[in-house]
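If you count the sequence shown from 1, position 18 lands on 31 in this note's numbering, and the numbers rise without skipping. Glycine included, every Cβ here is placed at the ideal spot set by N, Cα and C. The structure appears right after this line, and notes come after that.
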Amino acid sequence: KRGFKGQSMVERLTNAQKVLTANESVWIAHKLARKVHEDPATRLRENDVKQALVAIGQALQDLGALPKSSERTNG
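Structure representation (structure tokens):
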């Protein structure tokens, strides 16, 4: 597991950009999460949520917090 320094999620994401394979998608997911945090009544499109979840899952794999999908099916 890797730790990236920064006082905010934006700083940590910026520092992690080189190891994230879906960097742009992670930023979009982060913006979506901030939008919901700021206004919990925000209505989201199902496709946007699915894309955000896939991006976060990939980021967690890239960072070593989740096994790679090939490791989950073979291990």
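- In the three-state DSSP reduction, Asp-75 falls in the helix class (H, G or I).
- Put simply, the backbone Cα of Lys-81 is about 19 Å away from that of Glu-37.
- One thing to note: Ala-78 has its Cβ no nearer than 8 Å to the Cβ of Val-39.
- DSSP places Val-39 inside the alpha helix (DSSP H), whose first and last residues are 36-51.
- Membership of Arg-25 in the alpha helix (DSSP H) is indicated by the continuous run 22-29.
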